[in-house]
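**Q** Could you have a look at this structure, given as structure tokens, before my questions?
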Amino acid sequence: MSQTTIDPRSLRAPPRRPLRLSWSDERVRAIVWQVLVVGIIGTIVWWLWSNTVHNLEVRRIATGFGFLGREAGLPIAENLIPYSPTDTYFRALLIGLLNTLKVAVVGIVLATIFGTLIGIARLSKNWLLSKIAGVYIEVIRDLPLLLQLLFWYAILQGLPGPRQALHPVGGVFLSNRGLKLPWIEWQDAHSYALLAFALGALFTWFYRRDAIRKRILDGRPRPVWPVALGCLLVLPVAIWAAAGAPWTVDWPELRGFNFRGGLNMSPEYFALLLGLTTYTAGFIAEIVRAGILAVPHGQWEAAQALGLRSGQVLKQVVLPQALRVIIPPMTSQYLNITKNSSLAVAIGYQDIVSIANTTLNQTGQAIEGIAIIMLVYLSISLSISLFMNWYNAKIALVER
Amino acid sequence: MPQFGLFLKRALGMAALGLTLALPGHAQAQQAAPANTIDAVRGRGQLVCGVNTGLAGFAQPDSQGVWRGFDVDYCRAVSAAVFGDPNKVRYVPTTPQVRFTALQSGEVDLLSRNTTWTLSRDTALGLDFAATNFFDGQGFMVRSSLGLKSAKELEGATICVQPGTTTEQNLADWARANRIRFTPVVIERLEEIVAAFISGRCDAFTTDVSGLAATRSAQQKPDDYLILPEVISKEPLALGVRQGDARFADIVRWTHFLLLSAEEFGINQANIDQMANDPRPEVQRMLGRNGELGKMLGLDNLWAVNVIKAVGNYAEIFDRHLKPIGIQRGPNALWTTTGGLQYSPPFR
Numbered sequence: 004m005s006q007t008t009i010d011p012r013s014l015r016a017p018p019r020r021p022l023r024l025s026w027s028d029e030r031v032r033a034i035v036w037q038v039l040v041v042g043i044i045g046t047i048v049w050w051l052w053s054n055t056v057h058n059l060e061v062r063r064i065a066t067g068f069g070f071l072g073r074e075a076g077l078p079i080a081e082n083l084i085p086y087s088p089t090d091t092y093f094r095a096l097l098i099g100l101l102n103t104l105k106v107a108v109v110g111i112v113l114a115t116i117f118g119t120l121i122g123i124a125r126l127s128k129n130w131l132l133s134k135i136a137g138v139y140i141e142v143i144r145d146l147p148l149l150l151q152l153l154f155w156y157a158i159l160q161g162l163p164g165p166r167q168a169l170h171p172v173g174g175v176f177l178s179n180r181g182l183k184l185p186w187i188e189w190q191d192a193h194s195y196a197l198l199a200f201a202l203g204a205l206f207t208w209f210y211r212r213d214a215i216r217k218r219i220l221d222g223r224p225r226p227v228w229p230v231a232l233g234c235l236l237v238l239p240v241a242i243w244a245a246a247g248a249p250w251t252v253d254w255p256e257l258r259g260f261n262f263r264g265g266l267n268m269s270p271e272y273f274a275l276l277l278g279l280t281t282y283t284a285g286f287i288a289e290i291v292r293a294g295i296l297a298v299p300h301g302q303w304e305a306a307q308a309l310g311l312r313s314g315q316v317l318k319q320v321v322l323p324q325a326l327r328v329i330i331p332p333m334t335s336q337y338l339n340i341t342k343n344s345s346l347a348v349a350i351g352y353q354d355i356v357s358i359a360n361t362t363l364n365q366t367g368q369a370i371e372g373i374a375i376i377m378l379v380y381l382s383i384s385l386s387i388s389l390f391m392n393w394y395n396a397k398i399a400l401v402e403r
Numbered sequence: 290m291p292q293f294g295l296f297l298k299r300a301l302g303m304a305a306l307g308l309t310l311a312l313p314g315h316a317q318a319q320q321a322a323p324a325n326t327i328d329a330v331r332g333r334g335q336l337v338c339g340v341n342t343g344l345a346g347f348a349q350p351d352s353q354g355v356w357r358g359f360d361v362d363y364c365r366a367v368s369a370a371v372f373g374d375p376n377k378v379r380y381v382p383t384t385p386q387v388r389f390t391a392l393q394s395g396e397v398d399l400l401s402r403n404t405t406w407t408l409s410r411d412t413a414l415g416l417d418f419a420a421t422n423f424f425d426g427q428g429f430m431v432r433s434s435l436g437l438k439s440a441k442e443l444e445g446a447t448i449c450v451q452p453g454t455t456t457e458q459n460l461a462d463w464a465r466a467n468r469i470r471f472t473p474v475v476i477e478r479l480e481e482i483v484a485a486f487i488s489g490r491c492d493a494f495t496t497d498v499s500g501l502a503a504t505r506s507a508q509q510k511p512d513d514y515l516i517l518p519e520v521i522s523k524e525p526l527a528l529g530v531r532q533g534d535a536r537f538a539d540i541v542r543w544t545h546f547l548l549l550s551a552e553e554f555g556i557n558q559a560n561i562d563q564m565a566n567d568p569r570p571e572v573q574r575m576l577g578r579n580g581e582l583g584k585m586l587g588l589d590n591l592w593a594v595n596v597i598k599a600v601g602n603y604a605e606i607f608d609r610h611l612k613p614i615g616i617q618r619g620p621n622a623l624w625t626t627t628g629g630l631q632y633s634p635p636f637r
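So the protein lines, in turn, are chains A and B. For the numbering used here, count along the first sequence from 1 and bump the result up by 3. For the numbering used here, count along the second sequence from 1 and bump the result up by 289.
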């Protein structure tokens, strides 16, 4: 591009006019208006701010973020990183943030999978399948989410107590204390194996991209699966075996009031995840359906004329085009899942809102507490938007 | 967006506080400004009272939707003191988490809802406690079928607790001191945390003993539940007003003392009219026959007569609401008669 000569028209600037201090000068008018608007907004913000500070002082309400370093003293049921009530408010809020992310991220993944499957089922030629999907979407979308959450939570509370827990297979217990699963005792060897798996997945992805690029050049197919097998299975297992192959299963067992050991999924988390996933999947299903229907019928016919099987038609021809329609509204749904997770307070899952509410209640610093909640949701939402916009730009039709 | 409504409602509530604090000319802000709650109440012709969302014995709407209970009678008493009429009250049900914000922002004038008086609340929260009208302590309730004798046996238990309360912090402190590990289940609404306990989601439910007794009495089979003997904290439940409003705090405080003194001198709803002729000087001063004690509070000189006529004395309020649900006077007996903690300074 640098070799081409620059279009001389783009270098031609409009003739410079001297700035006249007159109302008839367009630029003077523009400057005056802008200064005026910025000044008014600035004055309002300053006025609100100074009044707030003054009123807080008059009421002797403590201000500032100094409370973040104080001992929180509030118990939290679920924590991804170690926490005890002697830790600070800052750490308690961090636990809340992680709990919000835990439900939002898992919810987004599950809702995308279920939503896509239901959306495709809705378009199925199988009458029963398409009607079931249709009824599901209508029912789920029409009921308020809060109601659905309380419904799921009530159902989970109706499960038998820990001593009469449902026990379908060895080591799995389902009771009103949640779902208990056996889990391996985590050791360093497992971390190394997991790291190898992650690196292997990255390598496989690059290898596959390269294989496709080369295939486009010379037409020879290069199978990806041997590399995938090696990187994703053989290497991690080999590393795990080399580290001594530790394998101790941590079985949940009833001791005292509750189950000890194993992996636990609390009814609060489960109800919230179930509610968010099923609810959002209904919306995603409709977005997927709309996206697929937006692909012109000629594309289907052309793909079939090339002799592609129906699965291939969907995967190779229709979905890549449908994605361009699907991604922008999907971003909204992902943002909705994240924000709707704040309904957790109603069913006792300790997310950021729950913990920030308790914090502001104990410290009395409502403005700071709400500021923290706003900051957290704004950061998460902007991150999702940025990522989805990047992805959208990446898959957008490149016009040549 | 409807599904976002709950969060929005909370956020708006909190934002309302921010706005109230931000706007000086705003009507609410004027109510909230110190030293003139009483003028705002008189101007409005109504006392706005923050009460519990529904706790048997303390504050609960009856079958006609009329609020009744121990805390409610304190709202009625203050209304009778100010207006001479106990019914000029609007009740605002408040959860533990919003109660202080509601008071700070001027949404309510008086908090009469099982609120523990602590140092940090008295200072950093921008509120004052006028008087302790109920001395309580935190306990545990379990299902009788568990066969527990002591709270020390709760190792490994799941415990239901309302967030944003001193209860929650006491529980954490007590568990640490006694090396007891537990899993908390925290739900804000009282009805829902009780439902979680009743359904078996938790092994134990912890709150003030009075609250446990109230919850237990409201169940179909109260005998299925047992309140364990340990009382792990001091919970002086006090009447809260905004900080820096001494005039209104005085009125609330002396209304409470009036109820105690009336019990002490044997003045009750039935004999209040005859008591006006009682020769004892303190009774004469209290009931406005002699001196100007009412005027000193900025009230009608017959304020005491109005209060007793409306709600009776402390013992009458206690017996009407708390005795039926199985709460004994205990520390809430009068010091002057049975050596309890309730004590009124002299009406002089």
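Backbone N, C-alpha and C fix where the C-beta goes; we use that ideal spot for every residue, glycine too. The structure presented is a predicted model; accordingly, all values stated were derived computationally and were not measured.
Output yes if chain B places a C-beta closer than 8 Å to the C-beta of Pro78/A; else output no.
**A** True, the Cβ-Cβ gap to chain B drops below 8 Å.
**Q** Report the neighbours of Gln353/A on chain B: residues whose CB is nearer than 9 Å to its CB, in chain order.
**A** Neighbours of Gln353/A on chain B, chain order: Pro452, Pro473, Val475.
**Q** On the criterion of 16 or more Cβ atoms from any shown chain inside 10 Å, does Gly415/B qualify as buried, or is it exposed?
**A** That one is buried.
**Q** Could you check the C-alpha separation between Leu149/A and Leu346/A for me, to the nearest Å?
**A** Taking the straight line joining both Cα atoms gives about 7 Å.
**Q** Quick test of your reading: Ala246/A and Pro473/B, contact by CB under 8 Å. State the CB separation rounded to the nearest angstrom.
**A** About 37 Å separates the two Cβ atoms, so there is no contact after all.
**Q** Does the beta carbon of Asp462/B come closer than 8 Å to any beta carbon on chain A?
**A** Yes - at least one Cβ of chain A is within 8 Å of the one on Asp462/B.
**Q** Alpha carbon to alpha carbon, how far is Asn54/A from Ile47/A? Give it in angstroms, no decimals.
**A** Roughly 11 Å between the two C-alpha positions.
**Q** What's the call for Met585/B, buried or exposed, on a 16-neighbour Cβ count within 10 Å?
**A** When all chains shown are included, Met585/B counts as exposed.
**Q** Please go through the same chain and pick out, in chain order, the residues whose beta-carbon is closer than 6 Å to the beta-carbon of Leu549/B, but skip the five residues on each side of it.
**A** Within the same chain, Leu549/B has close Cβ partners Tyr603, Gln631, Ser633.
**Q** Using 8 Å for Cβ pairs, my map puts Ile329/A next to Gly294/A. What's the rounded Cβ distance?
**A** With 8 Å as the limit, Ile329/A and Gly294/A qualify as a contact, their Cβ atoms being about 4 Å apart.
**Q** Please list the partners that Pro270/A has in chain B, where partner means a Cβ-to-Cβ separation under 8 Å.
**A** The contacting residues are Arg490.
**Q** Could you tell me if Gln353/B is buried or exposed, where buried requires 16 or more neighbouring beta carbons within 10 angstroms of its beta carbon?
**A** Gln353/B should be labelled exposed.
**Q** Apart from the five residues on each side of it in sequence, which residues of its chain come closer than 6 Å, Cβ to Cβ, to Arg542/B?
**A** Within the same chain, Arg542/B has close Cβ partners Ala419, Ala420.
**Q** CA-CA distance, Leu198/A and Asp411/B?
**A** Distance between the alpha carbons of Leu198/A and Asp411/B is about 52 Å.
**Q** Listed in chain order, which residues of the region 400-421 of chain B have Cβ atoms closer than 7 Å to some Cβ of chain A?
**A** Result list: Ala413, Leu414, Gly415.
**Q** Kindly indicate which three-state DSSP category Thr495/B falls into: helix, strand or coil?
**A** Thr495/B: strand per DSSP, three-state reduction.
**Q** On the three-state DSSP scale, how would you describe Ala321/B?
**A** In this prediction, Ala321/B scores a pLDDT of 43, lower than 50, which makes its location untrustworthy; the coordinate-derived value is nonetheless stated afterwards. Helix.
**Q** Report buried or exposed for Ile98/A, applying the criterion of at least 16 other Cβ atoms within 10 angstroms of its Cβ.
**A** So Ile98/A counts as buried.
**Q** Would you report the Cα separation of Glu141/A and Arg180/A, rounded to the nearest angstrom?
**A** So the alpha carbons of these two residues sit roughly 32 Å apart.
**Q** Please go through the same chain and pick out, in chain order, the residues whose beta-carbon is closer than 7 Å to the beta-carbon of Ala349/A, but skip the five residues on each side of it.
**A** For Ala349/A, where only same-chain residues beyond five positions count, the Cβ hits under 7 Å are Leu149, Leu152, Leu153.
**Q** Would you check if the distance between the CB atom of Gly118/A and the CB atom of Ala288/A is smaller than 8 Å?
**A** In this structure, Ala288/A lies closer than 8 Å to Gly118/A by Cβ.
**Q** I'd like to check one pair, Leu24/A with Val35/A: are the Cβ atoms closer than 8 Å?
**A** No, Cβ-Cβ distance for Val35/A and Leu24/A is not below 8 Å.
**Q** Taking C-alpha atoms, which residue in Phe347/B, Arg365/B, Ala599/B lies nearest to Phe607/B?
**A** Here the closest residue by C-alpha is Phe347/B.
**Q** Verify the CB distance criterion: does Pro385/B have a CB-CB separation below 8 Å to chain A?
**A** Closer than 8 Å to some Cβ of chain A, the Cβ of Pro385/B qualifies, so yes.
**Q** Please name the residue or residues paired with Phe424/B in a DSSP beta bridge.
**A** DSSP, once it has assigned bridges, lists Pro525/B as partnering Phe424/B.
**Q** Return the CA-CA distance between His315/B and Asn58/A, expressed in angstroms with no decimal places.
**A** Legend: pLDDT at His315/B = 41, less than 50; position of this residue unreliable, value from coordinates given subsequently. For His315/B and Asn58/A, the distance between alpha carbons rounds to 12 Å.
**Q** Beta strand (DSSP E) containing Phe359/B: first to last residue?
**A** Segment 359-372 is the alpha helix (DSSP H) holding Phe359/B; no beta strand (DSSP E) there.
**Q** Whole angstroms are fine: how far does the CA of Ser384/A sit from the CA of Ala124/A?
**A** Distance between the alpha carbons of Ala124/A and Ser384/A: 30 Å.
**Q** Which residues in chain A sit within 8 Å of Gly445/B, going by Cβ to Cβ distance?
**A** Within chain A, the residues near Gly445/B are Arg258, Gly259, Phe260, Asn261, Arg263.
**Q** Any idea what DSSP makes of Ser488/B, helix, strand or coil?
**A** Looking at Ser488/B - three-state DSSP - the assignment turns out to be coil, as it is neither helix nor strand.
**Q** Could you check whether the Cβ of Trp303/A sits closer than 7 Å to any heavy atom belonging to the ligand COA?
**A** Only the bare structure without any ligand can be found here, which leaves the ligand COA out of the picture.
**Q** Report the residues of the region 358-374 of chain A with a CB closer than 7 Å to any CB of chain C, ordered along the chain.
**A** Absent from the structure is chain C; the protein chains it does hold are A and B.
**Q** On the three-state DSSP scale, how would you describe Pro473/B?
**A** Three-state DSSP puts Pro473/B in a strand.
**Q** Measuring CB atoms only, is the region 497-515 of chain B touching the region 546-566 of chain B, in the sense that at least three cross pairs come out at less than 8 Å?
**A** These segments do not touch.
**Q** Quickly, what does DSSP pair Thr91/A with across the bridge? List them, please.
**A** In DSSP, Thr91/A forms a bridge with Glu74/A.
**Q** Taking its Cβ as the centre, do 16 or more other Cβ atoms sit within 10 Å of Met290/B, making it buried, or is it exposed?
**A** Its pLDDT being 37, under 50, Met290/B is placed unreliably by the model, and nothing is read from it.
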